[in-house]
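Visitor: In the numbering used here, the protein residues as written are 15 to 306.
One structure, pasted below without further comment.
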């Protein structure tokens, strides 16, 4: 057997770097290869460089809410296909694939929970479901969460991770921008706090509506936030754009968001802000101390 043949057999038995076992995670920022449990313990934050990887809605709820406190609402709302939309695939087929992939019926999970004892209505987007796109069901879920917050006199937290309005629903999707914004106006009239958390990515119709209507707008480090993509903007205005102009750090520097908060500090920060903004606390002692 010749050297070339032996070398060929050795290569076939070795896995390519891109075929690393699923229990190893590679950071796209620093290229470090880490054991998945090490990453999961930090809620998908790279322990080497601090890069915030994307996280599922379920994990996000686990990270933000007190253990065992989250109760989901409106899980039975299911998207329909009013326009019988077809591109490369039918909209109906895309929904079926997204449901099979995530085990959910929409890109939004809504419910009530406590965050360090503070009771809130929590809305979380899951980018894995059709890019976290905003459709009729998602808009309806958000509005119902707002109405529950008003009825219960609780604060609202929305965690956005979306590519924008769902094109397969056309005008029905665009309507959700005004629908959710109008509902948030009622929340403001009731003098109840709304914290908007922008994660990677928050784009399109989501960023152009409820995501930027929070009393406090915070973002995770390095999150991509904007309306249109960089290439589209450059083609439209015909000019070069500043480096990283759609990153959270650039937005903070130019006053478009209030703060950047790491995932590790997110829970405590949200709870503290809710208390300061007057959200109802699980313990009556806090309200008494506040009045004193």
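Just so you know, even glycine gets a beta-carbon here, dropped at the ideal spot from N, CA and C.
If you're wondering where the values come from, they're calculated on a predicted model, not measured in any experiment.
1. Hey, would you say residue 118 sits closer than 8 Å to residue 140, going by beta carbons?
2. Applying the criterion that 16 or more other CB atoms from any shown protein chain within 10 Å of the CB defines a buried residue, is residue 268 buried or exposed?
3. Does DSSP classify residue 109 as helix, strand or coil?
4. Can you look up residue 92 in the DSSP assignment and give me helix, strand or coil?
5. With a threshold of 6 Å on Cβ separation, who are the neighbours of residue 126 within its own chain once the five nearest residues in sequence on each side are excluded?
6. By Cβ distance, which residues of its chain are closer than 6 Å to residue 53, with the 5 residues on each side in sequence left out?
7. Between residue 223 and residue 179, what straight-line distance do the alpha-carbon atoms span, to the nearest angstrom?
8. Can you give me the start and stop residues for the beta strand (DSSP E) that residue 201 sits inside?
9. Looking only at its chain, what residues have a beta carbon closer than 7 Å to the beta carbon of residue 57, apart from the 5 residues adjacent to it on each side?
10. Would you decide whether residue 290 is buried or exposed? Buried here means 16 or more other CB atoms lie within 10 Å of its CB.
11. Tell me which residue opens and which closes the alpha helix (DSSP H) that residue 135 is part of.
12. Nearest by alpha-carbon distance to residue 51: which of 44, 37, 241 and 258 is it?
13. Mind checking residue 44: buried by the 16 CB within 10 Å criterion, or exposed?
14. Please classify residue 40: does DSSP put it in a helix, a strand, or coil?
15. Starting from the C-beta of residue 160, find all residues in its chain whose C-beta is less than 8 Å away, skip the five residues before and the five after it, and write them out in chain order.
16. Report the residue from 249, 102, 283 and 213 whose alpha carbon sits nearest the alpha carbon of residue 174.
17. Quick check: the Cα distance between residue 280 and residue 233, rounded to an integer number of angstroms?
18. How long is the line joining the alpha carbons of residue 164 and residue 132, rounded to whole angstroms?
19. List the whole-angstrom C-beta distance separating residue 75 from residue 284, where the pair is believed to meet the contact cut-off of C-beta under 8 Å.
Guide: Here's the rundown:
1. Cβ atoms of residue 118 and residue 140: closer than 8 Å.
2. Around the C-beta of residue 268, fewer than 16 other C-beta atoms lie within 10 Å, and the residue is accordingly described as exposed.
3. Here residue 109 sits in helix by DSSP.
4. Three-state result, residue 92: coil.
5. 85 and 135.
6. Hits under 6 Å: 39.
7. If you take the alpha carbons of residue 223 and residue 179, they lie about 10 Å apart.
8. Counting along the chain, residue 201 falls outside any beta strand (DSSP E), though it belongs to the alpha helix (DSSP H) covering 185 to 203.
9. The answer, listed in chain order, is 69, 73, 77 and 277.
10. Result: exposed.
11. DSSP places residue 135 in no alpha helix (DSSP H) but in the uninterrupted beta strand (DSSP E) bounded by 132 to 139.
12. It is 37.
13. By the 10 Å Cβ count, residue 44 comes out exposed.
14. Reduced to three states, the DSSP call for residue 40 is strand.
15. Excluding positions up to five away in sequence, the list reads 135, 170, 194, 197, 198, 200 and 201.
16. Looking at the Cα atoms, 213 is the closest of the given residues.
17. Spanning the alpha carbons of residue 280 and residue 233 requires a straight line of approximately 10 Å.
18. Each residue's alpha carbon lies about 15 Å from the other.
19. At roughly 13 Å, the Cβ-Cβ gap does not stay under 8 Å, so residue 75 and residue 284 are not in contact.
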